[in-house]
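Residue numbers (the working numbering): 1 to 119.
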Ligand code: 5GP
Ligand code: ZN
């Protein structure tokens, strides 16, 4: 299944539910988290519905690689200072015990001056 019509992040990635867009291409959508933990906190999602990192397979290697390589560029654009003084944190919560609430694979990118709300 490429898109799940009941999935919040599928709807956000398709523009059916509004979000504050950070980046978009044919395969990836990035948007600000509605409840940020840090001064910079955005989410990167594949437009393809993958429930979590646990369902990622060899066919997703290029997509996941692109998301990770995109993260530092978007972090800088969103105001994170450069490495090594600045930087950012990347988190992929996976499953209930991993703290995942939305079951569409997403990469949290958090950064900016501390203290942060969490972490
Ligand atoms: P998880 O706990 O699944 O890793 O993270 C889900 C994240 O999605 C949370 O940080 C939460 O604030 C964010 N989120 C949940 N619903 C929405 C929404 O409707 N819009 C946006 N922009 N973020 C959301
Ligand atoms: Zn989805």
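Backbone N, C-alpha and C fix where the C-beta goes; we use that ideal spot for every residue, glycine too.
- Membership of residue 17 in any beta strand (DSSP E) is not indicated, and neither H nor E is assigned to it by DSSP.
- For residue 90, the uninterrupted beta strand (DSSP E) segment begins and ends at 88-91.
- When DSSP states are grouped into helix, strand and coil, residue 105 belongs to the coil group.
- A Cβ closer than 5 Å to some heavy atom of ligand 1 marks a residue here, and those residues are 19, 33, 34, 35, 93, 100, 101 and 102.
- Residue 111 is bridged by DSSP to 40 and 88.
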